């Protein structure tokens, strides 16, 4: 096993661990805050100031880290039907590689945009309306999630391109 492969595997273990920790933590937080909202509104008929705000911002972390984890595991939702029309494995892998490269470009644009957004938020000291929490804490989820997606989309695109180049069979998932 090469040093590069060992480093990539170590990076993968690190990413998988921290994505799992973050996803579990924000899922528990979002679920508890939603349950608290329901109990407060419909049982006690009161509103807890700022709880909607925290639930929404926590959900952003959950969505973006879930998307990053999907790109890591290569289990992101795809509406792919190209395998029904293309039976040549080399061509199928090439088309899939191109599609994944396009996804990497789109995620790259998200990185570019979210970096500017985070910088702007820091410069303006933007805070949430009710709880006055710095919004950068939630906006950075877009930057982190998109960056991880770019890394793993690029890796998937290169793997598919190598499969196409070597004429390896396409995965029929």
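Residue numbers (this note's numbering): 254 to 426.
Note that the Cβ used here is the ideal one computed from N, Cα and C, for glycine as well.
Nothing here was measured: the structure is a model prediction, and the numbers come from that model.
- According to DSSP, residue 380 shares a beta bridge with 387.
- Segment contact: the region 395-411 against the region 364-379, three or more CB-CB distances shorter than 8 Å; contact assigned.
- In the assembly as shown, residue 274 is an exposed residue. Its beta-carbon has fewer than 16 other beta-carbons within 10 Å.
- The region 377-387 and the region 302-315 touch, with no fewer than 3 CB-CB distances between them shorter than 8 Å.
- For residue 317, the uninterrupted alpha helix (DSSP H) segment begins and ends at 304-326.
- For residue 376, the closest of 389, 283 and 322 by C-alpha to C-alpha distance is 389.
- Distances from the CA of residue 361 to each of 334, 292 and 401 were compared; the closest alpha carbon is that of 401.
- Closest in alpha carbon position to residue 346, among 269, 406, 412 and 262, is 412.
- Taking a C-beta distance under 8 Å as the contact criterion, residue 268 and residue 325 qualify as a contact pair.
- The beta carbon of residue 348 sits closer than 8 Å to those of 335 and 339, all from its chain and outside the five residues before and after it, given in chain order.
- For the 8 Å CB-CB criterion, residue 283 and residue 350 do not form a contact.
- Residue 297 and residue 332 have their C-alpha atoms roughly 44 Å apart.
- A buried status is given to residue 311, since no fewer than 16 other beta-carbon atoms sit within 10 Å of its beta-carbon.
- Excluding residues up to 5 positions away in sequence, 283, 286, 287 and 290 lie with their Cβ nearer than 8 Å to the Cβ of residue 308 in the same chain.
- Residue 356 sits in a helix when the DSSP states are folded into three classes.
- Excluding the 5 residues flanking it on each side, residue 342 has same chain C-beta neighbours closer than 6 Å at 422 and 423, in chain order.
- It is roughly 10 Å from the alpha-carbon of residue 359 to the alpha-carbon of residue 365.
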